[in-house]
Ligand SMILES: [Zn+2]
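Right, here's the structure in full:
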């Protein structure tokens, strides 16, 4: 309903909201029974208790938090690492602390993430994360269980995601929720300002689940575009890097646990049997986790929300979607204890003590039933970022699980049972691993066999030197705005927060998996609106360096692409073109215009691939270019490209058909598929032994009768037989797009030459 829900009791059947007289009247109209707990004429500090601070004595402000973290690190240097993962709007550091043995290293261990204070007024959540830090460091080497946890895992903590908000709560307004974005860009922060950093995440941002607002003055304002807020972006970058198995986000208040996914229309109550982590796995874990909590007043267990709180653009669902995390919102305290800021002396220790068994159990649950380990190259042993899936687990809406790029690590929490694990990566054969999962995680190593292709080029455009090999602009370009440029993308949008018609243009973040910041985008002026920094007036080209692809086939280009097309003009969009004469002439390969991806109000980075052989014969002077086009009237066209990779097979090493033989009788001829040629056509040639002749350095095959087999068919039945006294031979070769195989070489290494005719 758009109310700012302060707290709630599922068991008691009530919610506390923060609203004005209009909102109060609306509650009455809609038939809710309500009473006023506290009335204020203005937002201002409660009667301060110490040093003019709005929040009661004891709670931790940003400066005290920084001192705390520095002291912990000084006292426990070997098992802690202090990082600044981002900088708030007002320039405050957003601190993360890693707790693990050998904390200075990025060890190959499953990670878990605890965070507090997305919302400024929820000051107990800072204390909750500080308590995790205190316990793990103070008891390391003292308590065997704590020591084992710290040794086995990467335990990440972010006590205050929103340090500006925390400072504001102490200084100005103890009910402040958002960050300190100055929405109206005037000289002061008022109730109209701020973005709810827990509505600003990418996944599900601004969709129909409600629970966020496009209105800047709303307590639930989701921001102009996803990740517009540095606090949210810092958490997204951390999540991409560490891929937490469990993500625990502390909020207050309510004494509830909410699990993912709250805001996926696919997860309607009628889909309660879906075999995904969010139902079959996350819910029982949420129940076990919540049951181990003690309420601060001594009651036992927290409530578990049946379908999560249905809100959009929140961290819990983002980490679940992007990183496969089992993610929880844990709401601390109750109204009776004082809501957001319970009396510190009375409630702080009881609240935190009530959480310890629960978060400790969750850390230990990593080693419970799970499918996890490392994906590595079977030859080199190096880690591989691969798609990882279980046949028994359906993931909705384009959701993927991947191993991380640093260790090839993945960790899927499951219930015990039989599973089929599939692991796929570009350049490798798929691995299919049947598994029986018991009560204890058995770490796996999944070696992937290279498919025979080689990486011919790869760049995420992170370094200027890599990007400078590409050129922006071509001789036939005629766009007069929004030309390609390299950089850290600046998001653009149209519409405004009040009218609720916001749409994204350029991405506000790059497309690189893992840690990335840079890519190529069309028009990258900071703070530009969607229609004054997009492509206008024609075409702009991003041209690759030249590559020697001679002697290669099945050359696959893969990349990540962002495209926003505002109009259905068929000439507008993005084109991929190829050249095999070093850019003298170009061949159209593929194009994208107005489609479901590009016209969505919230476009996203999409992984694409194209096999060059289907458009050109890969040669020694091959280039490609991405052309963004706005033809005719000025419509919105915004494109971005990242993570380009080129892989191919060697004609010399792999481009020969092998295993040609008769099967069972003399009429069926079979052979092996060429590596990488899943769309290969095969030609079967029949020749007359009497016509074979050696001529210099070649073998003349004579007149051949040639039959083409459909894509992927690896056999041929010849009903004909040679006349008495004569003999036939058979050969096969493949054709993939514009690439040719050949007839191979004879016994003495002589090249076989022959021309086919149809029968
Ligand atoms: Zn909150």
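Residue numbers (the numbering used here): 653 to 1411. For every residue, glycine included, the Cβ atom is placed at its ideal position computed from N, Cα and C.
- Assign residue 724 to one of three DSSP states: helix, strand, or coil. Per DSSP, reduced to three states, the secondary structure at residue 724 is helical.
- If we ignore side chains and look at the alpha-carbon of each, how far apart do residue 1302 and residue 1204 end up? 5 Å
- Message: Quick check: is any heavy atom of ligand 1 less than 7 Å from the C-beta of residue 774?
- Response: Yes, the beta carbon of residue 774 sits closer than 7 Å to at least one heavy atom of ligand 1.
- Exposed or buried, what is residue 1408 when buried is set at 16 or more other beta-carbons lying within 10 Å of its beta-carbon? buried
- Query: For residue 834, which residues of its own chain have a beta-carbon under 7 Å away from its beta-carbon, when the five flanking residues on both sides are left out?
  - Reply: 841, 845
- Going by the C-beta, is residue 850 closer than 7 Å to any heavy atom of ligand 1? yes
- Query: CB-CB under 8 Å to residue 874, same chain, minus the five flanking residues each way: which ones, in chain order?
  - Reply: Scanning its chain for C-beta atoms nearer than 8 Å, with the 5 sequence neighbours on each side dropped, one finds around residue 874 the residues 847, 848, 851, 852, 857, 858, 864, 865, 866, 964, 965, in chain order.
- Opposite residue 1110 in the DSSP bridges: which residues? Looking at the DSSP output, residue 1110 sits in a beta bridge with 1297.
- Query: Should the stretch 1295-1313 be regarded as contacting the stretch 1378-1397, the criterion being three or more beta carbon pairs within less than 8 Å?
  - Reply: yes
- Going straight from the alpha carbon of residue 676 to that of residue 747, what length do you get? 39 Å
- Query: Is there contact here, the stretch 1158-1166 with the stretch 885-899, by at least three beta-carbon pairs under 8 Å?
  - Reply: They touch, by the three-pair rule.
- Query: With burial defined as no fewer than 16 other Cβ atoms inside 10 Å of the residue's Cβ, what is the status of residue 1250: buried or exposed?
  - Reply: buried
- Item | Paired residues, beta bridge with residue 1098 - DSSP | Note: residue 1098 sits in a beta bridge opposite 1027.
- Item | Nearest-angstrom Cα separation, counted from residue 749 out to residue 791 | 17 Å
- Task: Report buried or exposed for residue 839, applying the criterion of at least 16 other Cβ atoms within 10 angstroms of its Cβ.
- Result: By the neighbour-count criterion, in which a residue is buried when 16 or more other Cβ atoms sit within 10 angstroms of its Cβ, residue 839 is exposed.
- Item | Unbroken beta strand (DSSP E) run spanning residue 1357, endpoints | For residue 1357, the enclosing beta strand (DSSP E) stretches over residues 1356-1361.
- Message: Classify residue 1200: buried if its beta carbon has 16 or more other beta carbons within 10 angstroms, exposed otherwise.
- Response: exposed
- Using 8 Å as the threshold, is the stretch 1030-1037 in touch with the stretch 809-817, meaning 3 or more CB pairs across them? Contact between the stretch 1030-1037 and the stretch 809-817 is absent: fewer than 3 CB-CB pairs across the two stretches fall below 8 Å.
- For residue 1073, does the three-state DSSP call read helix, strand or coil? strand
- Message: Taking 6 Å as the limit between beta carbons, can you name the residues of its chain near residue 1190, skipping five residues before and five after?
- Response: So the qualifying residues of the chain are 1130, 1131.
- Count the other CB atoms within 10 Å of the CB of residue 1316; is the residue buried (16 or more) or exposed (fewer)? exposed
- Query: Is any heavy atom of ligand 1 found at a distance shorter than 7 Å from the C-beta of residue 1063?
  - Reply: no
- Say yes only if the C-beta of residue 1266 is nearer than 7 Å to one or more non-hydrogen atoms of ligand 1, and no if none qualify. no
- Task: Compute every distance between the C-beta of residue 903 and the non-hydrogen atoms of ligand 1, then say whether any falls below 7 Å.
- Result: yes
- Task: Round the Cβ separation of residue 789 and residue 737 to the nearest angstrom and send it over; I've been treating them as touching at under 8 Å.
- Result: No, residue 789 and residue 737 are not in contact; Cβ-Cβ is about 19 Å, not under 8 Å.
- Message: Using a Cβ-Cβ cutoff of less than 7 Å, which residues in the same chain neighbour residue 1319 once the five nearest sequence positions on both sides are dropped?
- Response: 1369, 1370, 1371
- Query: Given a threshold of 16 other Cβ atoms within 10 Å of its Cβ, counted over all protein chains shown, does residue 975 qualify as buried or as exposed?
  - Reply: With a threshold of 16 other beta carbon atoms within 10 Å, residue 975 meets it and is buried.
- Message: Taking the straight line between their C-alpha atoms, what separation do you get for residue 1063 and residue 1036?
- Response: In a straight line, the C-alpha of residue 1063 is about 14 Å away from that of residue 1036.
- Query: So does residue 770 have its beta carbon nearer than 7 Å to some heavy atom of ligand 1?
  - Reply: yes
- Message: On the DSSP letters alone, give me the boundaries of the beta strand (DSSP E) that residue 1190 sits inside.
- Response: Taken as a continuous stretch (DSSP letters only), the beta strand (DSSP E) holding residue 1190 covers 1190-1195.
- On the premise that residue 1395 lies in contact with residue 1353, defined as a C-beta separation below 8 Å, what is that separation, rounded to the nearest angstrom? 7 Å
- State the Cα-Cα distance for the pair residue 887 and residue 937, rounded to the nearest angstrom. Cα to Cα, the separation comes out at about 23 Å.
- Query: Do residue 1208 and residue 1134 come within 8 Å of each other at the CB atom, strictly closer than that value?
  - Reply: no
- Roughly how many whole angstroms lie between the Cα atoms of residue 1325 and residue 1364? 8 Å
- Query: Count the other CB atoms within 10 Å of the CB of residue 1263; is the residue buried (16 or more) or exposed (fewer)?
  - Reply: buried
- Item | Distance between residue 1294 and residue 1157 (C-alpha atoms, nearest Å) | Each residue's alpha carbon lies about 16 Å from the other.
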